[in-house]
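Engineer: Residue numbers (our numbering), protein chains in the order written: chain R, 1 to 368; chain S, 1 to 242. Just so it is clear, CB atoms sit at the ideal spot from N, CA and C, and this is done for glycine as well.
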Amino acid sequence: MKRFIGFIKKEFYHIFRDKRTLFILFGMPIVQILLFGFAITNEINNVDIAILDKSKDVTTQEIINKISSSKYFSVKQFIEKESEIETIFKKGKVKATLVFEKDFSEKLTKENNTTVQIITDATDPNTANTISNYVNSILQKHQQEINVTKITPYQIVPETRMAYNQELKSVFMFVPGVMTIILMLVSAMMTSISITKEKELGTMEILLVSPLKPFQVIIGKVFPYIFLSIINAVVIVLLSIFIFKMPVAGNLFLLGAESILFIISSLSLGILISTISETQQTAMMLSLMGLLLPVILLSGFIFPINSMHNILQVISNVIPATWYIIILKGIMLKGVGLAVIWKETLILLGMTILFIVLSIKKYKIRLE
Amino acid sequence: MKTTNIIQVENLTKMFGDFTAVDAITFEIKKGEIFGFLGANGAGKTTAMKMLIGILTPTSGNAKVAGYDIYKNTEDIKKSIGYMSQKFALYDDLTVKENITFYGGIYGLSREQIKEKRCQLVEELGLQKVTNELVSSLPLGWKQKLAFSVALLHEPKIIFLDEPTGGVDPITRRQFWEMIYKTAHNGTTVFVTTHYMDEAEYCDRVSIMVDGKIEALDTPKKLKELFKVKTMNDVFLTLARE
Numbered sequence: 001m002k003r004f005i006g007f008i009k010k011e012f013y014h015i016f017r018d019k020r021t022l023f024i025l026f027g028m029p030i031v032q033i034l035l036f037g038f039a040i041t042n043e044i045n046n047v048d049i050a051i052l053d054k055s056k057d058v059t060t061q062e063i064i065n066k067i068s069s070s071k072y073f074s075v076k077q078f079i080e081k082e083s084e085i086e087t088i089f090k091k092g093k094v095k096a097t098l099v100f101e102k103d104f105s106e107k108l109t110k111e112n113n114t115t116v117q118i119i120t121d122a123t124d125p126n127t128a129n130t131i132s133n134y135v136n137s138i139l140q141k142h143q144q145e146i147n148v149t150k151i152t153p154y155q156i157v158p159e160t161r162m163a164y165n166q167e168l169k170s171v172f173m174f175v176p177g178v179m180t181i182i183l184m185l186v187s188a189m190m191t192s193i194s195i196t197k198e199k200e201l202g203t204m205e206i207l208l209v210s211p212l213k214p215f216q217v218i219i220g221k222v223f224p225y226i227f228l229s230i231i232n233a234v235v236i237v238l239l240s241i242f243i244f245k246m247p248v249a250g251n252l253f254l255l256g257a258e259s260i261l262f263i264i265s266s267l268s269l270g271i272l273i274s275t276i277s278e279t280q281q282t283a284m285m286l287s288l289m290g291l292l293l294p295v296i297l298l299s300g301f302i303f304p305i306n307s308m309h310n311i312l313q314v315i316s317n318v319i320p321a322t323w324y325i326i327i328l329k330g331i332m333l334k335g336v337g338l339a340v341i342w343k344e345t346l347i348l349l350g351m352t353i354l355f356i357v358l359s360i361k362k363y364k365i366r367l368e
Numbered sequence: 001m002k003t004t005n006i007i008q009v010e011n012l013t014k015m016f017g018d019f020t021a022v023d024a025i026t027f028e029i030k031k032g033e034i035f036g037f038l039g040a041n042g043a044g045k046t047t048a049m050k051m052l053i054g055i056l057t058p059t060s061g062n063a064k065v066a067g068y069d070i071y072k073n074t075e076d077i078k079k080s081i082g083y084m085s086q087k088f089a090l091y092d093d094l095t096v097k098e099n100i101t102f103y104g105g106i107y108g109l110s111r112e113q114i115k116e117k118r119c120q121l122v123e124e125l126g127l128q129k130v131t132n133e134l135v136s137s138l139p140l141g142w143k144q145k146l147a148f149s150v151a152l153l154h155e156p157k158i159i160f161l162d163e164p165t166g167g168v169d170p171i172t173r174r175q176f177w178e179m180i181y182k183t184a185h186n187g188t189t190v191f192v193t194t195h196y197m198d199e200a201e202y203c204d205r206v207s208i209m210v211d212g213k214i215e216a217l218d219t220p221k222k223l224k225e226l227f228k229v230k231t232m233n234d235v236f237l238t239l240a241r242e
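(1) Going along the chain, which residues of its own chain have a beta-carbon closer than 6 Å to the beta-carbon of R:Phe174, five neighbours each way excluded?
(2) Closest by CA to R:Thr196, which one among R:Ile79, R:Ser316 and R:Leu272?
(3) Helix, strand or coil: which one does DSSP assign to R:Asn45?
(4) Would you mind giving the Cβ-Cβ distance between R:Ser359 and R:Thr282, rounded to the nearest angstrom? I have them listed as a contact below 8 Å.
(5) Relative to chain S, which residues along the region 212–224 of chain R have a C-beta separation below 7 Å, given in chain order?
(6) Please tell me whether R:His309 has its Cβ less than 9 Å away from any Cβ of chain S.
(7) Distance, Cα to Cα, S:Lys2 vs S:Glu33?
(8) Quick one, which of R:Asp48, R:Val222, R:Glu82 and R:Thr87 has its alpha-carbon nearest R:Ser392's?
(9) Of all the options S:Thr101, S:Leu140 and S:Tyr107, which has the alpha carbon lying nearest to the alpha carbon of S:Met131?
(10) Could you have a look at S:Asp76 and say whether DSSP puts it in helix, strand or coil?
(11) Just the chain S side, please: which residues come within less than 8 Å of R:Lys10 by C-beta, in chain order?
(12) Tell me whether R:Arg161 sits in a helix, a strand or coil according to DSSP, three-state version.
(13) Should S:Ala63 be flagged as near chain R, meaning a C-beta pair shorter than 9 Å?
(14) Does the distance from the CB of S:Leu152 to the CB of S:Thr188 come in under 9 Å?
(15) Quick check on the DSSP output: the beta strand (DSSP E) that includes S:Gly36 runs from which residue to which?
(16) What would DSSP say about R:Glu111, mapped onto helix, strand or coil?
(17) Any chance you could list the beta strand (DSSP E) runs of at least 3 consecutive residues sitting entirely within the region 66–106 of chain R, in chain order?
(18) Assuming contact is defined by CB atoms lying nearer than 9 Å, are R:Ile24 and R:Met190 in contact in what I supplied?
(19) Counting Cβ pairs, one atom from each stretch, are 3 or more of them under 8 Å apart for the region 38–56 of chain S and the region 101–114 of chain S?
(20) Please identify, using Cβ separations under 7 Å, the residues of the region 73–87 of chain S that lie next to chain R, in order along the chain.
(21) Cβ of S:Gly126 less than 9 Å from any chain R Cβ?
(22) Would S:Met1 pass as an interface residue toward chain R - the criterion being a Cβ-Cβ separation below 9 Å?
(23) Taking its Cβ as the centre, do 16 or more other Cβ atoms sit within 10 Å of R:Tyr225, making it buried, or is it exposed?
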C-alpha cells in the first residue's frame, strides 16, 4: 500500500508540473462549456432581413412592424425590385427577404387569401430553416389576431409545448455532450498518453522489473485520472446549474455513479489504446480519431441517431458515449431514475467489463 | 573466494513464431563477477536478458537467478536484482530527491532507509547542490551515474546493465566503469551488455552472442589467445564474419 501511495504521488507530480496537461485537465472543460453555452448556439437573434413590399398598405405595415419589433429580426433594408434580392443575398447583407404581393390587404379581405414569400439564404440550411419557422409563427399569430373578429367554422389550433426544455435552450443539449467528451478525453486520452510516455522514456521497463505488479502499475497510473475526472464532472454540473440555470431534475448520486461507470469505461479504453501504441503521438491520434470524432459525430450529441444511415446507427450503438448521453439527458433533464435507464446502464456496464478484460489480455500479451 | 553460481542458465530458448531469438544458451555466472554480454544488434542479447530479469517467459530451457527459478519465482527475482537500461530511466520532471524517494519506495524501503541511502548517494556523487533540481537540468553523465546508483538503492545481489554507456563521453564512461568495479568489489554481481569492445576488456568474463547462440565465452585474455588476435574488437569481428 505504501508503495502504491508513493506511485500515486509521483503521478500527481507529473500532472501538476506539466502546463499542457493542466490546461487540458482544467482549462478545457471550462472553456468548452462556456463556448458551447454562450457562443455556439442554434438559436437566432437579430437576424438581418430585407423586405420587398409591393402593396405598402396598412396590413403589410402592421406585419412589418411586428417582425421588426421581435428580438429575432431586424429589418435591414427595403428593396423595390425582385432583381435586387439576388444582389443583396450575394453580398451577404441579409439572411432572408420577405416579399408581400400586390394588393395584400385587398386580397386578404375580399378573397380571404393572400401570400407572403419567404426567401432565405440556405447556404446555412439550419439557420434558413429556423428563420422560416420564426417568420411563419409571427404570421400565424397575426392571422389569429385578425381572425378573432371573424368566425371560422372549423379550426384546428395546434398547441406546442417543448417538454423538458421549454425555451429550447441549446445549452441543455450541449451540457450532456460536452460532459461526455471531456470525461472521455481526460480519462482515455490522458491516461493512454501518460502510459505510453513511460514506455517511451523506458521507465515502464524499470517499473515492470521492479517488485510492483503490472496491475499495480496500471492502477497507479489511472487512479489520479479517476479522481480528476470526478472533479471535472462536478465542475461541469456546477457550471451548468449556476451559469446556465440548467435544472438537474434527477438524483445527483445516480448521476455521480453513472459518471464513474463511464469514467471507468473510458479509462479501460485508454489502457487498451496504450497497449497498442508505442509513442505518445500515436496514443493521442488514436484517442482523437478513434474516440473523439465518433463521440462528436455519432453519439447523438449533435446529430440525431435515428436519421443516420443504418451502418452508422450500428456504429453509434457500440459507442459507450451514446448510452452515457442518453443516461445523462434522462437524469438531468427528465429526472428519471434507474427504473427507466437500467437498460442503458447495463449496456454501459457490459461494455466497461469487456474493455477491462480486453485491456488486461492485451497488456499480458505485451508483457510476453 | 567462494565460487557459488549466482546465475545458472541451461539451454534457455526463446522463439517468436518461427524465429528463434535465443537458441539454447548455457552459461553460469559467479557471485561478484563482472560478466560482459556481447553481441551485435539483433543477436538476442536483450531477449536473453529480459528472460533473466523476469519480464519475458522462455519457450524452453531452465535458469536460476539468485537461486530463484525464472518460471516460478519471478517476484523473488525482481526483489533481488537491479536493472538499468540505456535510457537511464529517471523521471525528468521529478527532482533528484523525488526520483530517489520514488524508486526506493517501489522497492519497499522504509522512509528512514530511503533518507539514509539518499544522503549517502548524494554525497558520493557530489550532487548536494542539485538535490532539489529537476533531473532534466542535469548533464547526461550525471543522469547516468544517478540512474546506476538508484538501481542499486535496494542493495540487489545482481545488477543488470543494458548498454549503460550509450551516448556518453569517454571520460564519463571511464568514471562509470570505476563505479562498476566498486560495486562488484562490494559483492554485487554485474551483468552488462555493451557495444564498446574496449569495455569488454574490463570484464572478468565475456560471452559473445551471434544469431541467438553463444559462440564464445571466457576471460578476455583467453579469448584473445584462442583467436590469436590482439584486441577484443578483433575477436568480435572474427566471430561476426564467420
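Structural biologist: Judging by the given coordinates:
(1) Taken in chain order, the residues that qualify are Phe36.
(2) Measuring from the Cα of R:Thr196, the nearest candidate turns out to be R:Leu272.
(3) DSSP places R:Asn45 in coil when its eight states are reduced to three.
(4) No, R:Ser359 and R:Thr282 are not in contact; Cβ-Cβ is about 16 Å, not under 8 Å.
(5) If the cut-off is 7 Å between Cβ atoms, the region 212–224 of chain R has Leu212 near chain S.
(6) The beta-carbon of R:His309 is placed no less than 9 Å from the nearest beta-carbon of chain S.
(7) Because the pLDDT at S:Lys2 is just 48, under 50, the model does not fix this residue reliably, and the value given afterwards should be weighed accordingly. When rounded, the distance between both Cα atoms is 12 Å.
(8) The structure shown has nothing for residue 392 of chain R, since chain R only spans 1 to 368.
(9) Met is not the amino acid found at residue 131 of chain S; the sequence shown has Thr there. Distance check between S:Thr131 and each of S:Thr101, S:Leu140 and S:Tyr107 places S:Thr101 closest, using alpha-carbon atoms only.
(10) In this structure, S:Asp76 counts as helix in the three-state DSSP scheme.
(11) Within 8 Å Cβ-Cβ: Tyr91, Leu94, Glu98 and Phe102.
(12) It is coil, neither helix nor strand.
(13) Not closer than 9 Å to any Cβ of chain R, the Cβ of S:Ala63 fails to qualify, so no.
(14) Yes, these two residues count as a Cβ contact at 9 Å.
(15) Segment Ile34 to Gly39, the beta strand (DSSP E) holding S:Gly36.
(16) The answer is coil: DSSP assigns R:Glu111 none of H, G, I, E or B.
(17) Listed in chain order, the complete beta strand (DSSP E) runs (minimum 3 residues) inside the region 66–106 of chain R are 73–79 and 96–100.
(18) With a cutoff of 9 Å on beta-carbon distance, R:Ile24 and R:Met190 are scored as near each other.
(19) Touching, no, given that fewer than three Cβ pairs across the two stretches are closer than 8 Å.
(20) The residues in question are Glu75, Lys78, Lys79, Tyr83, Ser85 and Lys87.
(21) Judged by the 9 Å Cβ criterion, S:Gly126 is not in contact with chain R.
(22) With a pLDDT of 42 at S:Met1, under the threshold of 50, the predicted position of this residue should be treated as unreliable, though the coordinate-derived value follows. Output row for S:Met1: interface = no.
(23) Counting the other CB atoms within 10 Å of its CB gives R:Tyr225 a total of 16 or more, which places it among the buried residues.
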